[in-house]
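Working notes for the structure below.
Numbering (the working numbering), first residue to last: 1 to 216.
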């Protein structure tokens, strides 16, 4: 005989990650890659414009645009198209899922930057703890073909005690050009260096509330 009961299942502290692959954008990728390389060639040795030289971020080697540039606000048509046709729609999808349609995207803004990494360059474990940050993301413009784990993006399990029960301590992704990956800003991640020829070019962003008084 079945005993009457009221059962509910809850997901406590879930980690919502969106991986979206975009096709048919090869020309747009080439144009954006050229924009980033032109900036790199111009500012590679400028500590004010190459954030990788600042010592204050976790990018070691290569070139990273300064935050003040706000890369996705640049005037080049290719950059504008990626922002309007790929990044912003992707952000809207992620926020709708992760926050159960409770975020008014008109009350958010993007803080963005771009970087290029070559052989031996890497990014140490980090997260994006800016006040009011709802989500962080990366879009892959150009990715050299390398065997894993070279160039991979790896996330650290924020529930380390789960490892006691056989759950993996990390989740590794092997991105390709056209991948848009969005995740919680507190999700610690890092990028493996790669060997040999080639360059990895990405644009990254945080999704900030216009006001920090928003309550979910």
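Note that the Cβ used here is the ideal one computed from N, Cα and C, for glycine as well.
Computed from a predicted structure; not experimentally measured.
Proximal residues to residue i (C-beta, below 7 Å), its chain only, five neighbours per side dropped
{"i": "residue 103", "result": "95 and 134"}
{"i": "residue 86", "result": "22, 139 and 180"}
{"i": "residue 178", "result": "21, 22, 23, 25 and 140"}
{"i": "residue 29", "result": "141, 142 and 177"}
{"i": "residue 78", "result": "28, 31, 32 and 35"}
For residue j and residue i, the rounded distance between their alpha carbons
{"i": "residue 216", "j": "residue 101", "result": "Residue confidence is low: residue 216 scores 48 on pLDDT, short of 50, so the model does not pin down where it sits. No coordinate-derived value is stated."}
{"i": "residue 173", "j": "residue 143", "result": "13 Å"}
{"i": "residue 81", "j": "residue 61", "result": "28 Å"}
{"i": "residue 37", "j": "residue 27", "result": "15 Å"}
{"i": "residue 31", "j": "residue 74", "result": "13 Å"}
{"i": "residue 42", "j": "residue 48", "result": "12 Å"}
{"i": "residue 99", "j": "residue 119", "result": "38 Å"}
{"i": "residue 170", "j": "residue 207", "result": "24 Å"}
{"i": "residue 90", "j": "residue 71", "result": "17 Å"}
{"i": "residue 183", "j": "residue 137", "result": "6 Å"}
{"i": "residue 162", "j": "residue 45", "result": "44 Å"}
{"i": "residue 186", "j": "residue 3", "result": "42 Å"}
{"i": "residue 97", "j": "residue 16", "result": "8 Å"}
{"i": "residue 10", "j": "residue 55", "result": "42 Å"}
{"i": "residue 5", "j": "residue 14", "result": "26 Å"}
{"i": "residue 1", "j": "residue 164", "result": "37 Å"}
{"i": "residue 155", "j": "residue 127", "result": "10 Å"}
{"i": "residue 66", "j": "residue 148", "result": "29 Å"}
Residue of the options minimising C-alpha distance to residue i
{"i": "residue 108", "options": "209, 6, 4 and 2", "result": "209"}
{"i": "residue 121", "options": "20, 147 and 64", "result": "64"}
{"i": "residue 200", "options": "186, 111, 34 and 13", "result": "34"}
{"i": "residue 84", "options": "145, 110 and 59", "result": "110"}
{"i": "residue 197", "options": "25, 150 and 123", "result": "150"}
{"i": "residue 106", "options": "185, 3 and 88", "result": "88"}
CB contact below 8 Å: residue i versus chain D
{"i": "residue 63", "result": "This model lacks chain D altogether, as it is built from one protein chain only."}
Nearest-angstrom Cβ-Cβ length linking residue i and residue j, presumed shorter than 8 Å
{"i": "residue 114", "j": "residue 53", "result": "The Cβ separation is near 15 Å, so there is no contact."}
{"i": "residue 51", "j": "residue 58", "result": "Going by Cβ atoms, the distance from residue 51 to residue 58 rounds to 10 Å, so no, they are not a contact pair."}
{"i": "residue 130", "j": "residue 205", "result": "About 11 Å; that fails the 8 Å criterion."}
Cut-off 6 Å between Cβ atoms - residues of its own chain near residue i, not counting five sequence neighbours on either side
{"i": "residue 125", "result": "188 and 190"}
{"i": "residue 117", "result": "62 and 200"}
{"i": "residue 146", "result": "194"}
{"i": "residue 40", "result": "63 and 116"}
{"i": "residue 123", "result": "58, 59, 190 and 191"}
{"i": "residue 12", "result": "none"}
Own chain partners of residue i with C-beta closer than 8 Å, once the 5 adjacent residues on each side are dropped
{"i": "residue 76", "result": "31, 32 and 35"}
{"i": "residue 167", "result": "157 and 159"}
{"i": "residue 152", "result": "172, 173, 174, 175, 191 and 192"}
{"i": "residue 93", "result": "18 and 20"}
Ordered list of beta strand (DSSP E) runs contained in the region 130 to 204, each at least 3 residues: 133 to 142, 153 to 156, 170 to 173, 179 to 183 and 189 to 191
Inside the region 31 to 88 only - alpha helix (DSSP H) runs reaching at least 4 residues: The region 31 to 88 contains these whole alpha helix (DSSP H) runs: 77 to 82.
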